[in-house]
Every structure is written in structure tokens, then in C-alpha cells.
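Q:
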Amino acid sequence: MSRFFATGSDSESEESSSADEITPKAAGTTFNKQALLLSDDEEDTKRVVRSAKDKRFEELTNFIKTIRNAMKIRDMSKCLEEFEQLCRAFLKSKAIVDKEGVPQFYIRLLADLEDYLNQLWEDKEGKKKMNKNNAKALSTLRQKIRKYNRDFESDISNYKENPEQSADEEEEKEEAESGSSSESEGEAGGDGAITAKSFMKKKPAAEPATEASKFLKGAAEDESESDDDDDDEDWGSDSMDSGSESEDNEGNTASLAVAFLKKTQDIDRQASSRRPKKTKAKERAEEDAEEDAEGDEGGWSEVKGGVPMVKEKPKMFAKGTEINTAVVVKKLNEILQARGKKGTDRAAQIELLHALAAISEENNLGQGITVKIKFNIIASLYDYNPNLAAFMKPEMWKKCLDCIDELLDILFDNSNIFIGENIAEDSESLNISEQPFRVRGCILTLVERMDEEFTKIMQNTDPHSQEYVDNLKDEGRVCGIIDRLLQYLENKGSTEEICRVYLRRIMHTYYKFDYKAHRRMLGLQGESKSEQDQEESEGEDSAIIMDRLCKFIYAKDRTDRIRTCAILCHIYHHALHSRWYQARDLMLMSHLQDNIQHADPPVQILYNRTMVQLGICAFRQGMIKDAHNALLDIQSSGRAKELLGQGLLMRNMQERNAEQEKIEKRRQVPFHMHINLELLECVYLVSAMLLEIPYMAAHEFDARRRMISKQFHHQLRVGERQPLLGPPESMREHVVAASKAMKMGDWRTCHSFIINEKMNSKVWDLFPEAQRVREMLVRKIQEESLRTYLFTYSSVYDSISMETLSEMFELELPTVHSIISKMIINEELMASLDQPTQTVVMHRTEPTSLQNMALQLAEKLGGLVENNERVFDLKQGVYGGYFNRDQKGGYQQKQGYQRDQKGGYQQKQGYQRGGYRSQNQSNY
1028 MSRFFATGSD
1038 SESEESSSAD
1048 EITPKAAGTT
1058 FNKQALLLSD
1068 DEEDTKRVVR
1078 SAKDKRFEEL
1088 TNFIKTIRNA
1098 MKIRDMSKCL
1108 EEFEQLCRAF
1118 LKSKAIVDKE
1128 GVPQFYIRLL
1138 ADLEDYLNQL
1148 WEDKEGKKKM
1158 NKNNAKALST
1168 LRQKIRKYNR
1178 DFESDISNYK
1188 ENPEQSADEE
1198 EEKEEAESGS
1208 SSESEGEAGG
1218 DGAITAKSFM
1228 KKKPAAEPAT
1238 EASKFLKGAA
1248 EDESESDDDD
1258 DDEDWGSDSM
1268 DSGSESEDNE
1278 GNTASLAVAF
1288 LKKTQDIDRQ
1298 ASSRRPKKTK
1308 AKERAEEDAE
1318 EDAEGDEGGW
1328 SEVKGGVPMV
1338 KEKPKMFAKG
1348 TEINTAVVVK
1358 KLNEILQARG
1368 KKGTDRAAQI
1378 ELLHALAAIS
1388 EENNLGQGIT
1398 VKIKFNIIAS
1408 LYDYNPNLAA
1418 FMKPEMWKKC
1428 LDCIDELLDI
1438 LFDNSNIFIG
1448 ENIAEDSESL
1458 NISEQPFRVR
1468 GCILTLVERM
1478 DEEFTKIMQN
1488 TDPHSQEYVD
1498 NLKDEGRVCG
1508 IIDRLLQYLE
1518 NKGSTEEICR
1528 VYLRRIMHTY
1538 YKFDYKAHRR
1548 MLGLQGESKS
1558 EQDQEESEGE
1568 DSAIIMDRLC
1578 KFIYAKDRTD
1588 RIRTCAILCH
1598 IYHHALHSRW
1608 YQARDLMLMS
1618 HLQDNIQHAD
1628 PPVQILYNRT
1638 MVQLGICAFR
1648 QGMIKDAHNA
1658 LLDIQSSGRA
1668 KELLGQGLLM
1678 RNMQERNAEQ
1688 EKIEKRRQVP
1698 FHMHINLELL
1708 ECVYLVSAML
1718 LEIPYMAAHE
1728 FDARRRMISK
1738 QFHHQLRVGE
1748 RQPLLGPPES
1758 MREHVVAASK
1768 AMKMGDWRTC
1778 HSFIINEKMN
1788 SKVWDLFPEA
1798 QRVREMLVRK
1808 IQEESLRTYL
1818 FTYSSVYDSI
1828 SMETLSEMFE
1838 LELPTVHSII
1848 SKMIINEELM
1858 ASLDQPTQTV
1868 VMHRTEPTSL
1878 QNMALQLAEK
1888 LGGLVENNER
1898 VFDLKQGVYG
1908 GYFNRDQKGG
1918 YQQKQGYQRD
1928 QKGGYQQKQG
1938 YQRGGYRSQN
1948 QSNY
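Each residue of the sequence shown is one higher than the one before, counting from 1028 in the working numbering.
1. Do residue 1448 and residue 1427 have their CB atoms nearer than 7 Å?
2. Could you name the residues of the same chain whose beta carbon sits closer than 8 Å to that of residue 1782, not counting the 5 residues immediately before and after it, in chain order?
3. Taking DSSP as the reference, what is the three-state secondary structure of residue 1626?
4. Which class does residue 1861 belong to by DSSP, given the choice of helix, strand or coil?
5. Quick one: is residue 1401 buried, meaning 16 or more other Cβ sit within 10 Å of its Cβ, or exposed?
6. Sorted by chain position, which residues of the same chain lie with C-beta nearer than 7 Å to residue 1718's C-beta, five sequence neighbours on each side aside?
7. Candidates 1643, 1863, 1785, 1835: which alpha carbon is nearest residue 1702's?
8. Are the beta-carbon atoms of residue 1419 and residue 1480 separated by less than 7 Å?
9. Excluding the 5 residues preceding and the 5 following residue 1720 in the sequence, name in chain order all residues of the same chain whose CB lies nearer than 8 Å to its CB.
10. Determine the direct distance from the alpha carbon of residue 1489 to that of residue 1111, and round the result to whole angstroms.
11. With distances taken Cα to Cα, identify the nearest neighbour of residue 1710 among 1759, 1732, 1179, 1813.
12. Quick one: measure Cβ to Cβ for residue 1602 and residue 1640, integer angstroms, because I've assumed they're closer than 8 Å.
13. Please tell me whether residue 1444 and residue 1398 are closer than 7 Å, where the distance is taken between their beta carbons.
14. Can you tell me the Cβ-Cβ gap for residue 1457 and residue 1352, rounded? I've got them flagged as a contact below 8 Å.
15. What does the alpha-carbon distance come out to for the pair residue 1160 and residue 1094?
16. To the nearest angstrom, how far is it from the Cα of residue 1724 to the Cα of residue 1876?
17. Within a Cβ cutoff of 7 Å, which residues of the same chain sit near residue 1910, ignoring the five residues on either side of it in sequence?
18. From this set, 1577, 1150, 1098, 1410, which residue's C-alpha is nearest residue 1137's C-alpha?
19. Return the first residue and the last residue of the beta strand (DSSP E) that residue 1464 is part of.
20. Can you give me the Cβ contacts of residue 1524 inside the same chain, cut-off strictly under 6 Å, excluding the 5 residues immediately before and after it?
21. Could you please give the first and the last residue of the uninterrupted alpha helix (DSSP H) stretch that includes residue 1472?
22. Nearest-angstrom Cα distance between residue 1772 and residue 1861?
23. Taking C-alpha atoms, which residue in 1740, 1131, 1141, 1675 lies nearest to residue 1189?
24. Compare the C-alpha of residue 1591 against each of 1608, 1605, 1632 and name the closest.
25. Closer than 8 Å by C-beta to residue 1430: which residues in its own chain qualify, once you throw out the five before and the five after it? Chain order, please.
26. Tell me the rounded alpha-carbon separation between residue 1153 and residue 1106.
27. Examine the Cβ distances between the stretch 1731 to 1745 and the stretch 1658 to 1673 and report whether three or more of them are shorter than 8 Å.
28. CA-CA distance, residue 1493 and residue 1648?
29. State the start and end residues of the unbroken beta strand (DSSP E) segment that holds residue 1827.
30. How about the stretch 1118 to 1133 and the stretch 1074 to 1088: do they share at least three Cβ pairs that are nearer than 8 Å?
31. Express the C-alpha separation of residue 1512 and residue 1022 in angstroms, rounding to a whole number.
32. Out of 1741, 1569, 1355, 1536, point me to the one whose CA is closest to residue 1547's CA.
33. Could you work out which residue in 1518, 1534, 1485, 1521 is closest to residue 1506 when comparing CA atoms only?
34. Pick out whichever of 1491, 1356, 1611 has its Cα sitting closest to the Cα of residue 1466.
35. Please list, in chain order, all residues of the same chain as residue 1676 whose beta carbon is under 7 Å from its beta carbon, the five residues on each side excluded.
36. Taking the straight line between their C-alpha atoms, what separation do you get for residue 1113 and residue 1139?
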């Protein structure tokens, strides 16, 4: 044993001497010892024959290793680079892949990489911490992997459905390949060629070695820990051992056994690998069988259908346990204890609650415990998504609706069940012998949460997809549940609860146009129906439903918010159905415009929507000024989309952070409740045109002319700045072109720009009574064009016949007479009517254009002289020779400053008066 611990020189001398002695004895043996003692040069020059498949797969696995290492440290640039090389290497291996099939480790990487990139993409906080190169590489790689994985969709889906089975199949395939190649490796002198499969596996644990091999391993550990170095050390130690102990035949046999110790171990390992291994699925099945056997002996039985919620699986009742209410309640509390804990499987928890409800029904424990379990099932469904911004999955949403329907069925069928939030858990009565049942819970809260979840589902669905239409069909079921709850609470609920559920019903009704009532109003409905059918149809009128629900809230509600929302919805519904005077009077009586700025944002959004609908209703009725005043605040801000809750405007990140953006997105109105923004802008611009153009013509030379609509003037300036005027394309260009025509008094051209096929399809056909709206518009354009013509060309005429004006503008003579009379009474037109001749005689009291320009020049010169005098007085005060003169100059300067201040005060007062007048008009 000492020779193993000798110095290098001693061991070399002993080795050489023993080798000389062994040579003649070993010559006749089967194995040539000298052939086994290979030098380093011979080992380097030795060639190993490997198949093309092994080479290609090894290249792929090398890239995969690098990609996985880059994934661990989130190096997206490295991942992108290696993935591109991997794709090129896979393309080179196409011939082998077509023959052998796509390797499973390649499919596993594609699936894992795609999931990993999606997870990184959803993690917004993690993306912010990335540098610019990594963020760019993440976006590029995500697009590439999604496009690349389309060619392997079936393989990836099979892998995701059963990843464990895929891993087992790969292991079995690997074992078969290693078993078939082990003999060829043994014949090749023990040089193990590395296969692609072994590349993906961890190194097997070392087998227990003999005492001699322990010493050999101990000597080998000093130089290296890798498998290749171990092989070299083992062979060197074997040669040393054989050289020292080969003095006789027994020693020769022993030395040969030790020399080939490594190889025999490899053969044993390969033999053991040929034995059929138990796959993971078989081992799991055996464990399940053992647990079932334990359950039959009286232990706990496993509940199938989900992943364990917590580390210890919550189990149902043991065999032979008496099922009663107390046991079920205890098990229910045991399941609920895991609620909200980290690692809890929420889907499994829901399945356990369903199983518990089934057990209670099988044992006839009464409807009280069933109601309590149903309450907890619905609450668990709501808690399935811990994030408030996330919406429910379709399957969970269907389960939730079914559960609420079942709960309402139980409550309607059993009048002896009392539920309420004020019932403490200690005072609950759930035993079938303790009727009536008393259960803690609030069905109204569950229905309100369901309504909110429905809104979130609609907010997070693409409005232009078929999925949105399918989800919108669920609104009928949601409204049905609210109606059933309304019937239940009208008998057993408090006034506050009835007001809350009434508001929920109102919020699903106020924005819907009632076509039945509209046809009935126009008399288009068939007359063949009986009186009873007509009474039933009248009972379904949404106006009657809204009136009944809202008036109850007006009388009984004690919270301002519910009453405010009910009033706004009522006004919106009136305006939507063209009941202008009822909507206007209700808005004026409510005085909501005085303190709406103190309401919460959802109520403010509802107020904005109501004002917009009120303005559109006024426009349909021909109330142009009222329509403009109602729409002025929304349209002048330039944020109509945001104020109506129909989207967010792009702003700087300083104004809105990520959290505020999430909050504002939750306030958005679903797409089916949106108001057409293009229609809204068109109505506002046309109203502004009908008001602004005659006013501009009447005050053409007035220096203090005010703007009625800044947005309309902005559109006019944009149109004037265009170097080349072609035919109008957009809605705004049509309105600008019509305004220019109206300014010249050309009502026919104005009419052709406002009402044509393009504008009809974009705007006017969207109204319920499109033809009536178009007729009203033509009438207004004719009247305002007449007023504009008289303002513009009154200085040209000495007198003009009303018949001529009637023919020019295609208006009736009484209408022309009425318009001119109003202009004369309001002192807008300096003229008089000659009744016998039906002519308008102009008085020519207003100045001509030359006189107006002269007056403007005189005003500007007067201002210039006053400024020069003020500058001169200032210089005299600073450089004067005497103290008194300085004082006097300063006093004069101060007086001038005061005069200046006084003028500013007068101007400010005038501005305030104008603002007050505009505010009054807006309120009206």
C-alpha cells in the first residue's frame, strides 16, 4: 500500500522495473498490457467515429444550454443571438429531423422560451429595470418566437398538455439508444461518445467502489474532478497497480482485474440501464394505490380533481364518519382557512366547495348549509383573480352566473331562509331542526360584484371582434338576475337595498334606445293587435320602467350619490328619446351643474355623457343655441374622449403614472355605451356655424367682436392656411367649406356640403329620425343664410323686395317677413318694412367700410398718443430739476398708472359680465 503514497521518482523507477519484469510473462496472455499503456500523443491522435445525428444534436444542445443560462440571468441580447444561431443549426439538421422527427428537447425549449418571454413581457416593473438593449432584444425575440412556433404548434400543444409524459418518453428513448450503443462503445476501447440525450441529463451518481478503486479515486481527485480526468487517472493507476503486483499468475490476474475495473463498472452500469425502469407515471400510480389502500384501512382519502391547495392536502371525511351539519361546517371552515394564503390553488378550493355542497345535499342537511356553501363558492370565484384589474375567465364567469341563479332559486323556493350581513356567525342557525334558517351573507353585494365583473369583461374585450358580441349576449342574463333580485328584495329587502338594486337596473336601461316605443310614437306599429297586446307592449316601455324606478329613488333614497346617478340617467333617457323639454326641465330643477365638480369621477363622466346627449337632443329639435351651449364645455376642452370615459389621451408620463393609468382605465365605459365622437363634433361645428357666420357678418368691422366658438374659428383658420383647396374629404373640411359658402349667402352650396352621401353615411344616418333631421338642417341653413346675406349686402341696397328674398332662399313669404321683423326689432338691421309694397327700405345709418376703417385708425392713433404722453411724463418725473417737480411728476405718473388700472378693471368687469352671460346661457 505504501507504493501509492511514494514520491514521483520512486514510483517511476518501480514502474519501469516492474514493467521490465512483467514483459515476458505477459507476452502469452490474452491482453497486451503494453497496448493498454497509451501515451498522451496516441490518445490525442485517436479518432472516434460518431454519427451525423449525434453531431447535429450535440450542436443543438450546446446552443440550448447557452440559451437557458442566458434566461437565468435575463440576458435578452444573448438569448436573441443564440436563438438565431439555434434556428440556423436546426435548419442544417433538416435532413436528420425529417428522418428521426423533431427532438423533444427542442420542442421543450421552444415552449419554455415562449412562456418565459410572455411572463417577462407582462411584468411591467421588470421591463422598466431592463436596459435599452435588453428591452429591444426582448421585443424582437418575442415576435420571432411567436412567428417561429407556428410551425410547431401541434408538437408544442402536445407537450404543454402532458409535459411529464413527454419527458418520460424521452427518457425511455434515451435508455434504448444508450443500451444499443453501449456494446459499440465497449468495443471502441471505452471511449464514451457523448450523445445528444446524455447532454441534456445530469451526471449519474457514482457507484460504490472497492478499496482499490477508492485509492485510485483519491489519487485522481488531486488533479481534476471531471469525468475525463477521472478516466485518465483510473487507467494510470491501474497500470501502476498491475506493474507492481504482476510477479506471478495470480498477481497478473489480479492486476488485470484492477486494470479493467473501470470498464467492468461501465458494463455493470449499462446492464443496469438495460433493465426496464419505472417511469414517473408508474411510480405516481403506485403511490396513489398505496394511499388508497391506507384510506381503505380507515385513514384519510384523497380528493381528486385539483392540485394540492396547500402543503398539506385538505381531505374530506374519513370512512364511516357521521355526516352532520357541525362536521360540514367544520370542514367548510377548514377549507376557507387556506383562502388568500400563498400557494393556495384557487381552482382546487372551488372544486372542494362544490364537492362539499354535493355531500350536504346527499345527506339532506337542509338548504341552510347549502346556501352558506353557495355564498362561499361565489366569493371564491370572485377571488380567483387576485388582481383587481384582471377580468374573470369565461369558464369562471359561466360558473358564477350559474351559482347565483341556483342561489336565487333556493331563496325563492324556501321562504324560511333569512340572509343578511347583520347576522353574526355565532347566531347562525343551519340545522334542519332549527328552522327558520339564518345565514350570514348579502346577495345584493354578490350581484353588484357580478355586474362589475361583467363591465370589466366588456372593457377588456376587443370591441371589433366576435368575442365582444358573444360576451354582450350575457347582458340579457345579467339583467335577468338583477330583475329576480329586485323581486326578492321588494319583499324581504330594506329601502336602502331596494334603491341600490333599482340603480343597477337603471344603469342597464338608460342608454338603450327603445325602438318599440319609437315605432309606437310614430304610429308605425301594426293595427291588427288587440287592446290587451297593446297594453302589454305599453307595460314594456322603457320610459315607464325608468319613471317608476327613478321616482322611487327620488322619494326614498338617503344618499346623494344614488339620487344623482338616477337623475342623470333619467335625463339621458329623456334626451335619447327626443323628450327635450322634460330633460331640460329636470336638469334645471336638479341644479347639478352647481356642485358636480365635487362628485367622484364616475359620476362626473355620467354628467358629461348626459350633457352631450342633451345637446344632441336639442340639435335634433332645432334648438341650435341650446345645443351649442350644452356641448360647449366638452368640445372646447379638446378632451371629449377622456371626459366621456371612452379612452385615454396620450400625455406625458409626468402627468399620469402607471397606477393612475390603471385607475382611469377601470373607469372607461364599455364600447357598446359609447357616443359617436365624430357625430358629436359634427353637431357642435354645424351649430357653431349657424350661430357664428351671421354674427361675423353683422360685426365684421367691430374691433371688440367676441368669439362664440374658438374651436370653430380654429377650423376656419386651418382651412384658410391650406395652399391648395381641393374638394373636402373629412367631416371638418365639409363644415369649413359650407361656412365659406354661407358667408357669401350661397345657401345651396352650403347645403350640398353639409348634406351629401358622405356626410349622410358618417353622421346624419346615425340618428333615429334621419330624414327629419336633414329637413331641419336645410331649413336652418336657409334662414341663417338669409340673415347673413342681409348683414353683408345691406349697404348695397336702398330697398329690396321680400318676394325676391323668398325666391332666392326658397322660403315662404311669412317666414321671410318674420326673420326681417326680428332683425329690425333687435336693432341688428337698420331698415323698415313697407307693408303695401312688401319691401325692405334700408336706412343707411351704419357706417360704410371706409368709415369703419377710419374709425379704427382714429382709435389706434389715440392709443398711440396716450402711450407717448405717458412715456414723456415718466421721463419728466425722473430727470426733473426741482424736488417739487419730481414729486409732481411722480404724482402724475401715479395717477396715470391708476387710470391704467382703472381701465383694466373696467375691461375685467366686462369680461366677467360676458362670462356670466355665457354661463347663464350654458345653464339654460
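Heads up, the beta-carbon is just placed ideally off N, CA and C, and yes, glycines get one too.
These figures come from a predicted structure and were not determined experimentally.
A: On the basis of the supplied data:
1. no
2. 1791, 1801, 1804, 1805
3. coil
4. strand
5. buried
6. 1651, 1652, 1655, 1735
7. 1643
8. yes
9. 1766, 1769, 1770, 1811, 1815
10. 33 Å
11. 1759
12. 4 Å
13. yes
14. 5 Å
15. 17 Å
16. 12 Å
17. Only weak support exists for where residue 1910 lies, its pLDDT of 43 falling under 50; the value from the coordinates is given anyway. Nothing meets the Cβ criterion.
18. 1098
19. 1464 to 1467
20. 1471, 1516
21. 1470 to 1486
22. 24 Å
23. 1131
24. 1632
25. 1401, 1404, 1405, 1408
26. 17 Å
27. yes
28. 36 Å
29. 1826 to 1828
30. yes
31. An answer regarding residue 1022 cannot be provided, because it is not within the stretch 1028 to 1951 covered by the chain.
32. 1569
33. 1534
34. 1356
35. 1666, 1668, 1669
36. 15 Å
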